[in-house]
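Residues 53 to 222 in the working numbering are what the sequence shown lists, from first letter to last.
For reference, the structure is listed below as structure tokens.
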Amino acid sequence: MTSPDPDQPLFIIGAPFEPGADYSAIPGTRTLFCEHCKGATVFAPSSLSHPEAGSATFICMSCASKLEGPSEIGEFTPLQMGEIRQAMARELENAFTMFTIFKSPSDYPGSYVVRRFRIVGLGIIPDPDPLAVCDSLGSARLAIQDLGRPGLVCVPAQPDDEPQIVESWM
Ligand SMILES: [Zn+2]
């Protein structure tokens, strides 16, 4: 642990408030407004009891992801890190999901690859591993059908997309 730099702003990061979510599981959780976007944001009790909280800026995860460089974010206790990971996992679980088919990408030349992307805030987060690696476009589409999500709609590649993108299902 290094001592806090008084010239370095401390940001305390919370998870976006979700109506209906049960926050009573963590007693002392508070909903405050993000000081950047003014969105309702949930802060865990350990964040609020952070020794520097009095001079910190309270922001949501989406705004935090737009900050430049990790040095702008204050140090977290292991407890806070655990809470942030939980909050991020919950965000990912509830995130808008899309599936994109790539033709012969550089990591799988000659194959059709299906990847899942999740949209969190303004960021698009790909799964680390492909959902499916197939030898034809038909099998790639079947891999998406097999997910059993009846509402998925096919969107063809857009002019700005990278050339390996065939289509997306969202
Ligand atoms: Zn915000």
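Even glycine gets a Cβ: it sits at the ideal position worked out from N, Cα and C.
Values in this document were obtained by computation on a predicted structure and should not be read as measured data.
Tell me the rounded alpha-carbon separation between residue i and residue j.
{"i": "cysteine 186", "j": "cysteine 112", "result": "39 Å"}
{"i": "serine 114", "j": "glutamate 143", "result": "11 Å"}
{"i": "proline 68", "j": "asparagine 146", "result": "12 Å"}
{"i": "serine 158", "j": "threonine 152", "result": "15 Å"}
{"i": "glycine 190", "j": "arginine 137", "result": "37 Å"}
{"i": "alanine 209", "j": "glutamine 216", "result": "9 Å"}
{"i": "glutamate 219", "j": "arginine 170", "result": "16 Å"}
{"i": "methionine 150", "j": "threonine 83", "result": "30 Å"}
{"i": "glycine 106", "j": "valine 172", "result": "29 Å"}
{"i": "serine 156", "j": "aspartate 213", "result": "15 Å"}
{"i": "serine 163", "j": "serine 188", "result": "7 Å"}
{"i": "lysine 118", "j": "alanine 184", "result": "31 Å"}
{"i": "proline 130", "j": "methionine 140", "result": "15 Å"}
{"i": "isoleucine 196", "j": "proline 202", "result": "10 Å"}
{"i": "proline 211", "j": "proline 180", "result": "25 Å"}
{"i": "serine 101", "j": "lysine 90", "result": "21 Å"}
{"i": "glutamate 87", "j": "proline 178", "result": "28 Å"}
With C-beta atoms as the reference, is residue i less than 8 Å away from residue j?
{"i": "phenylalanine 85", "j": "phenylalanine 95", "result": "no"}
{"i": "alanine 108", "j": "isoleucine 64", "result": "yes"}
{"i": "serine 99", "j": "glycine 66", "result": "yes"}
{"i": "leucine 199", "j": "methionine 222", "result": "no"}
{"i": "glycine 80", "j": "proline 103", "result": "no"}
Counting contacts by CB-CB distance shorter than 8 Å, is residue i in contact with chain C?
{"i": "aspartate 198", "result": "No chain C is part of this structure, which consists of one protein chain only."}
Can you tell me whether residue i is buried or exposed, with buried defined as 16 or more other CB within 10 angstroms of its CB?
{"i": "phenylalanine 28", "result": "Residue 28 lies beyond the range of the chain shown here (53 to 222); nothing can be said about it."}
{"i": "valine 207", "result": "exposed"}
{"i": "valine 165", "result": "buried"}
{"i": "glutamine 132", "result": "buried"}
{"i": "proline 182", "result": "buried"}
{"i": "leucine 62", "result": "buried"}
{"i": "arginine 193", "result": "buried"}
{"i": "isoleucine 176", "result": "exposed"}
{"i": "alanine 116", "result": "buried"}
If residue i and residue j are in contact, beta carbons under 8 Å, what's the gap, nearest whole angstrom?
{"i": "arginine 167", "j": "phenylalanine 154", "result": "7 Å"}
Around ligand 1, Cβ to any heavy atom closer than 7 Å, ordered along the chain: Here the residues come out as Cys86, His88, Cys89, Gly91, Thr93, Ile111, Cys112, Ser114 and Cys115.
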